[in-house]
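To convert, take the position in the sequence shown, counting from 1, and add 823; that gives my numbering.
Glycine included, each C-beta is placed from N, C-alpha and C at the ideal position.
Remember, predicted model here, so these are calculated numbers, not experimental data.
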Amino acid sequence: MSSFQIENQRAVIDIRERVLKGEHPRREIINFVKSAPVGTIFEIHLPHRGEPLIATFQSLGMNAIVNEIEPAHFRLMAIKLNEI
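Encoded structure:
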């Protein structure tokens, strides 16, 4: 299990290597998001767009923005606005 931490209301989570190794840490990320305080900004780095994670965030009432930083490096940004 990864150790996710929040610093100054911002959580930067880089799971590119884990995903490329075949791991699927979506549930771990969602549990972390649920336990984080309202107002936390999540920056999640992925090797692809992460559509299942985006869909899960949306189902929790969060908006998610994805940017392609470079080939095989995507950044998903979301803010926790309400308790989940």
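Residue I864 holds the alpha-carbon nearest to the alpha-carbon of M885 among N831, I864, E830 and E851.
Excluding its 5 nearest sequence neighbours in each direction, G873 has C-beta neighbours in its own chain below 6 Å: L899, listed in chain order. Taking a 10 Å sphere around the C-beta of K903, we find 16 or more other C-beta atoms and assign the residue as buried. Annotated three-state conformation of E846 is coil, per DSSP. When the Cα atoms are used, N831 and G845 turn out to be separated by approximately 31 Å.
The closest CA to that of A859, considering only R833, A887 and H896, is found on R833.
Secondary-structure assignment with DSSP links L899 through a beta bridge to I867 and V889. Around the C-beta of L869, 16 or more other C-beta atoms lie within 10 Å, and the residue is accordingly described as buried.
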